[in-house]
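The numbering used here applies: residue 5 is where the sequence shown begins, and numbers increase by one. Ideal Cβ placement from N, Cα and C applies to all residues, glycine included. Heads up, the thing below is written out as structure tokens.
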Amino acid sequence: MNYQNSISFAKSLDKKDSLKNYRKEFHYPKDDNGNELIYFCGNSLGLQPKKASEQIGKEFSIWSKKGVLGQETRWIDYHERLTKSSANLVGGRETEVVIMNALTVNIHLLLISFYNPNKKRIKILIEKDAFPSDKYAIQSQIELHGLEVANTLIEIGPRKGEKIIRDQDIMDSIEKNSDELALIYLGGLNYYTGQAFDMESIASFGRLRGITVGFNLAHSAGNVPLKLHDWGVDFAAWCTYKYLCGGPGSPAGIFIHEQHHDWKGKRLLGWWGHEKESRFEMSSQYKPILSSEAWQISNAPIMGMAPLISSMEIFEKIGMETIHKKGMQLSLFMEYLLKENIPEISIITPKNRGCQLSIVVPGGRSIFDSLINNGVVCDWRNPDVIRVAPHPLFNTYTEIFKFINILKKALNG
Ligand SMILES: *Cc1c(COP(=O)(O)O)cnc(C)c1O
Numbered sequence: 005m006n007y008q009n010s011i012s013f014a015k016s017l018d019k020k021d022s023l024k025n026y027r028k029e030f031h032y033p034k035d036d037n038g039n040e041l042i043y044f045c046g047n048s049l050g051l052q053p054k055k056a057s058e059q060i061g062k063e064f065s066i067w068s069k070k071g072v073l074g075q076e077t078r079w080i081d082y083h084e085r086l087t088k089s090s091a092n093l094v095g096g097r098e099t100e101v102v103i104m105n106a107l108t109v110n111i112h113l114l115l116i117s118f119y120n121p122n123k124k125r126i127k128i129l130i131e132k133d134a135f136p137s138d139k140y141a142i143q144s145q146i147e148l149h150g151l152e153v154a155n156t157l158i159e160i161g162p163r164k165g166e167k168i169i170r171d172q173d174i175m176d177s178i179e180k181n182s183d184e185l186a187l188i189y190l191g192g193l194n195y196y197t198g199q200a201f202d203m204e205s206i207a208s209f210g211r212l213r214g215i216t217v218g219f220n221l222a223h224s225a226g227n228v229p230l231k232l233h234d235w236g237v238d239f240a241a242w243c244t245y246k247y248l249c250g251g252p253g254s255p256a257g258i259f260i261h262e263q264h265h266d267w268k269g270k271r272l273l274g275w276w277g278h279e280k281e282s283r284f285e286m287s288s289q290y291k292p293i294l295s296s297e298a299w300q301i302s303n304a305p306i307m308g309m310a311p312l313i314s315s316m317e318i319f320e321k322i323g324m325e326t327i328h329k330k331g332m333q334l335s336l337f338m339e340y341l342l343k344e345n346i347p348e349i350s351i352i353t354p355k356n357r358g359c360q361l362s363i364v365v366p367g368g369r370s371i372f373d374s375l376i377n378n379g380v381v382c383d384w385r386n387p388d389v390i391r392v393a394p395h396p397l398f399n400t401y402t403e404i405f406k407f408i409n410i411l412k413k414a415l416n417g
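This is how it looks when you write it as structure tokens:
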């Protein structure tokens with residue numbers, strides 16, 4: 005597209021935007037004087053859908069009026085209200101996804117099943133700059149097997165002097181270590197650089213070599229389209245409070261490919277994974293549900309799921325292709341304006357991405373502070389990156405234009 009460096013052009017893009025009305029479906033944050041902020045932190049905590057409180061209110065009301073009777077009529081299968089939309093979100097079958105627990109908890113549950121070191125294969129390929137929680141989870145899982153982290157982890161990072169990982173380097177590392185790798189575990193989209201990985205190629209390349217492949221989709225879910233089933237991904241996990249706007253600490257999602265549903269391996273059990281028809285017979289003989297739901301342990305956090313139902317309805321209605329397209333257009337417009345107006349800023353996020361741009365700004369932290377003081381909500385990640393993520397459902401091209409001006413002023417002191 006031919007962009008123009010003007011506010012009237014930004015406004016014209018907003019006018020033409022087919023998703024423009026969705027902003028009204030969210031509560032938009034304001035400063036103390038009632039002016040709207042520029043909220044570019046949907047990659048960290050998505051905004052509150054206006055229907056969320058009504059959705060929670062419904063459950064509160066049923067609880068107050070019916071007590072435990074609410075369980076039988078409503079809550080026992082409450083998580084199933086999120087099944088279809090979650091399946092569409094990640095490109096899975098409905099039997100392949102469940103919303104449960106929190107992200108790192110789910111990563112542990114999945115690793116218990118899917119990390120199976122044996123004499124020949126013990127190694128795990130991860131990103132050098134993986135999110136810390138993933139690193140801690142992996143390290144502790146390795147130690148649970150009585151193995152040493154140093155002998156087990158293969159960390160793949162950017163080459164010296166580069167900021168992002170080359171796709172070819174990932175493939176080369178898999179190839180080189182293919183006899184020793186038990187597991188490939190990568191983020192679908194790196195939280196720090198905003199780089200999206202070629203999950204399809206990684207999954208098929210790994211699986212052809214007999215390696216289990218899992219992805220952390222914390223920054224992919226709700227940002228980029230996914231086809232986990234068709235790609236043959238073994239397992240994946242994501243949180244729902246970032247792009248998906250489920251609210252702080254909202255329950256997370258898992259995907260387990262259907263080829264694993266008749267599972268004979270290790271798995272941590274709880275009653276919510278038990279066959280539904282006979283669950284309340286309270287037998288001591290465990291009979292698993294033959295789907296991803298067998299990985300559930302406890303009954304669902306209803307109040308946590310209620311807001312997510314409101315936001316997932318929006319994602320389901322629009323679809324990820326359209327949402328990603330808008331996210332890309334927002335980030336392309338921002339990239340254009342940065343290059344036109346502030347060429348001294350470097351953008352480390354490659355074209356293979358969603359809506360987030362990670363930028364390195366001369367003056368670093370002090371510029372970030374100045375952005376915050378001027379009504380821009382974005383985040384700082386050590387050592388030198390500012391992450392800005394214009395969310396396709398509630399941010400505008402005009403906000404991007406205003407952001408660039410605020411940034412330019414901050415740089416000019
Ligand atoms: C946000 C994020 C997490 C957070 O984990 P929680 O268990 O939800 O606290 C983990 N991994 C990645 C890659 C993330 O982006």
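* Asked: Secondary structure at residue 132, three-state DSSP: helix, strand or coil?
  -> coil
* Which full runs of the alpha helix (DSSP H) of 4+ residues lie inside the segment 244 to 322, going along the chain? -> 306 to 322
* What residues does ligand 1 have around it, judged by CB closer than 6 Å to any heavy atom, in chain order? -> 106, 107, 108, 135, 137, 138, 191, 195, 220, 222, 223, 243
* **Rounded distance between the beta-carbons of residue 130 and residue 189, thought under 8 Å** => 5 Å
* Excluding the five sequence neighbours on either side, which residues of its own chain have a C-beta within less than 8 Å of the C-beta of residue 62, listed in chain order? -> 310
* Of the listed residues 320, 272, 134, nearest to residue 219 (C-alpha basis) -> 134
* Between residue 32 and the rest of its own chain, which residues show a CB-CB distance below 6 Å, the 5 nearest in sequence each way excluded? -> 40
* By the 10 Å Cβ neighbour count, where 16 or more other Cβ atoms means buried, how is residue 290 classified, buried or exposed? -> exposed
* Any beta strand (DSSP E) of 3 or more consecutive residues that is wholly inside the segment 137 to 174 -> 157 to 160
* When you compare only the Cα positions, how much space is there between residue 297 and residue 101? -> 7 Å
* Outcome for residue 72 when other beta-carbon atoms lying within 10 angstroms are tallied against a minimum of 16 -> exposed
* Asked: I think residue 396 touches residue 327, with their Cβ atoms under 8 Å apart; what is that distance to the nearest whole Å?
  -> 5 Å
* Asked: Should residue 242 be labelled buried (16 or more other beta-carbon atoms within 10 Å of its own) or exposed?
  -> buried
* To do: Please classify residue 418: is it buried, with 16 or more other beta-carbons within 10 angstroms of its beta-carbon, or exposed?
  => Any answer about residue 418 is impossible in this case: the structure gives the chain only from 5 up to 417.
* Thinking just about the alpha-carbon of each residue, which of 215, 247, 121 is nearest to the one in residue 236? -> 215
* Which of helix, strand or coil DSSP assigns to residue 77 -> helix
* Note down, in chain order, each residue of its chain lying with its Cβ closer than 6 Å to the Cβ of residue 115, except the 5 sequence neighbours on either side. => 145
* Run the CB neighbour count on residue 275, radius 10 Å, all protein chains shown included, and call it buried at 16 or more, exposed below. => exposed
* Cut-off 6 Å between Cβ atoms - residues of its own chain near residue 110, not counting five sequence neighbours on either side -> 241, 256, 258
* **Candidates 371, 391, 124, of which the one nearest residue 410 by Cα** => 371
* What residues in its chain sit with their C-beta under 8 Å from that of residue 223, if we drop five residues either side in the sequence? -> 47, 191, 192, 193, 194, 195, 198, 246, 247, 358, 360
* Rounded distance between the beta-carbons of residue 382 and residue 392, thought under 8 Å -> 5 Å
* Where residue 203 falls: helix, strand or coil (DSSP) -> helix
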